[in-house]
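Novice:
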Amino acid sequence: VAAYGLMMWLPQIVEEGARRGVATAGLLTSLPYLIAIFTVLGVSVASDRTRRRKPFVWGSMAAGCAAYLLAFLAGKEHFGIAFAGLIVVGSAIYTSNAPMWAWMSELISRNVLGESMALVNSAGALGAFFGTSIVGWLKNLTGSTGSAYVLQAACFAIATLATLVIPPAAAPPHTRDRS
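Here it is in structure tokens:
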């Protein structure tokens, strides 16, 4: 919900906030994705090198939650601060993906891994539909993006909490002590 709500509505939010036209809004809208390229690579490498997935997943989700709240609190009056928050959100959306899929493959039995990943992917597709619809509805209902930011921050908070309650994976067979 939080990811697709941002992707769908970011150009309009930037155009309204920056008040500099469609071309400038298009260029500004690309910044979160440009920065995400580097944050995704950094988080993926760190997760692979440390063989730790969970901290990177929940850390990304928590950063996204905090950044949405920053954008909400800054409001239109402080567009630069709000946009900085949205840049962090844009990165946080993607930085959790690589460690999440790797973590799933470590947590779930191989005989049901494909189906499990398909279920998660399908839930993401539902989030795409509902995220864009709800954000648009809230924006039209309230006349501002504030309530949408709070909703999306709440989605990130729920995802963070859900990630934190998942028990750690058992050590892979090749690293277990066989004595």
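Our numbering runs 864 ahead of the 1-based position in the sequence shown. Heads up, the beta-carbon is just placed ideally off N, CA and C, and yes, glycines get one too. Only a predicted model underlies this, so the values are computations on that prediction, with no experimental measurement involved.
(1) Is Ile972 near the ligand SAM, going by C-beta to nearest heavy atom under 6 Å?
(2) If you run the structure through DSSP and keep just helix, strand and coil, what is Ile1030?
(3) Do you know offhand how far Val953's Cα is from Ser960's?
(4) For Ala889, tell me which candidate among Thr1006, Phe943, Ala982 has the shortest Cα-Cα distance.
(5) In the DSSP assignment, the alpha helix (DSSP H) including Thr1009 goes from what residue to what residue?
(6) Could you check what DSSP says for Ser973 in three-state terms: helix, strand or coil?
(7) Is there contact here, the segment 929–937 with the segment 988–1000, by at least three beta-carbon pairs under 8 Å?
Specialist: In short:
(1) Ligands displayed in this structure: none; no statement on the ligand SAM is therefore possible.
(2) Coil at Ile1030, not helix or strand.
(3) Those two C-alpha atoms are separated by around 11 Å.
(4) Its Cα nearest to that of Ala889, the residue Phe943 stands out among Thr1006, Phe943, Ala982.
(5) Premise fails: Thr1009 is in no alpha helix (DSSP H) and is neither H nor E.
(6) Assigned with DSSP and collapsed to three states, Ser973 falls in coil, not helix or strand.
(7) Judged by Cβ distances under 8 Å, the segment 929–937 makes no contact with the segment 988–1000, as fewer than three pairs qualify.
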